[in-house]
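First residue of the sequence shown? That's 30 in the numbering used here, and the numbers climb one at a time after it. Ideal placement from N, C-alpha and C gives every residue a C-beta, glycine not left out. Here the structure is a predicted model, which means the values were calculated and not measured.
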Amino acid sequence: MLKRVVKSFNPLEVEIAQYLSSETLRSDPRNHTVPVLEIFSVPDDPEATVLVMPLMRRCNNPAWQTIGEVVAFLKQVFEGLQYMHELHVAHRDCVAQNIVYDPRYMYPRMFHPQETDKSFNFKGKARHSTRTACPVMYYFIDFGLSRRYNPEDGPPRERPIRRGDKTVPEFQNWKGDLVDPSPTNIYYRGSLTIVTFYKFKGAEFLGPLVDDMIAADPLQIPTIQEVVCRFDELLKPLDNAKLRSRLPLRGQPEGWVTR
30 MLKRVVKSFN
40 PLEVEIAQYL
50 SSETLRSDPR
60 NHTVPVLEIF
70 SVPDDPEATV
80 LVMPLMRRCN
90 NPAWQTIGEV
100 VAFLKQVFEG
110 LQYMHELHVA
120 HRDCVAQNIV
130 YDPRYMYPRM
140 FHPQETDKSF
150 NFKGKARHST
160 RTACPVMYYF
170 IDFGLSRRYN
180 PEDGPPRERP
190 IRRGDKTVPE
200 FQNWKGDLVD
210 PSPTNIYYRG
220 SLTIVTFYKF
230 KGAEFLGPLV
240 DDMIAADPLQ
250 IPTIQEVVCR
260 FDELLKPLDN
270 AKLRSRLPLR
280 GQPEGWVTR
């Protein structure tokens, strides 16, 4: 997977992506930022750099089938966001489109990189297993709006950037003040959970946490540390049968268990 980065548009993307993919940070299992395999300059174009990354697949394709698959996704996303915050890195655009997964185990024969529902040789459909049978690793991509902060400079402050989800509280009636980008990251995750999972039965246990994550007042939004702790508590009552139960749309009957 190749990405062309233009410095004048995203001056910090290469630096932050390279930092998060450094050998020391890459070895931490909580690091859910996409690995950068190589970085190339572009001949005759000093403004451009090419990032080489593994071929990934959009986080929601194919759709999640069980409560356990949803839990695994959210756990990794919260964990990865917490890790970035510990490194004083704010992603600032961590919407669903910027979360992918490593498909190698779920798609052992892979798929066509352009027509992802087709087989690699384009002669049929891409065959795949399930996330339950072949658990996947999720990754954040696209650090074009990301920032890395020096904690000695005090709390991070930035101008809000209207990308992805436009319902973020900081975007409403903004008067020009610099704001902490951390609550925006939390809001994105809560909003993603509502849009993606609230149409299914069985996700109601996430309600109280998600409601706090999308609070209208950014000062009332929990920190990522609080989110992780509360999420872990919500998981404790879930037994194996619950985790393997399917995700029926509201109004549909429940029934089978995925193995």
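Where does residue i land, buried or exposed, given buried means 16+ other C-beta within 10 angstroms?
i    : result
L174 : buried
C258 : exposed
E42  : buried
G153 : exposed
W285 : Note that W285 scores a pLDDT of 46, beneath 50, so its modelled location is shaky and nothing firm can be said.
A46  : buried
S220 : buried
T53  : exposed
For my contact list, residue i and residue j are in at a C-beta cut-off of 8 Å; report their separation, rounded to the angstrom.
i    : j    : result
A125 : S211 : Contact flag wrong, Cβ pair sits at about 19 Å.
M85  : L66  : With 8 Å as the limit, M85 and L66 do not qualify as a contact, their Cβ atoms being about 12 Å apart.
N127 : D171 : 5 Å
C163 : Y134 : 4 Å
Return the bridge partner residues of residue i from the DSSP annotation.
i    : result
R187 : In the sequence as displayed, the identity of residue 187 is Glu instead of Arg. Beta-bridge pairing links E187 to V208.
Y216 : Y216 is not bridged to any residue.
V106 : Per DSSP, none; premise fails for V106.
K147 : K154
According to DSSP, simplified to helix, strand and coil, what is residue i?
i    : result
I253 : helix
A155 : coil
R55  : helix
T95  : strand
A119 : strand
P72  : coil
F38  : coil
F226 : helix
Y112 : helix
A232 : coil
Y134 : coil
Going by the CB atoms, is the gap between residue j and residue i shorter than 8 Å?
i    : j    : result
T95  : R275 : yes
Q111 : Q249 : no
L207 : R188 : yes
R138 : F149 : yes
R273 : T145 : no
D131 : V165 : yes
L49  : V79  : no
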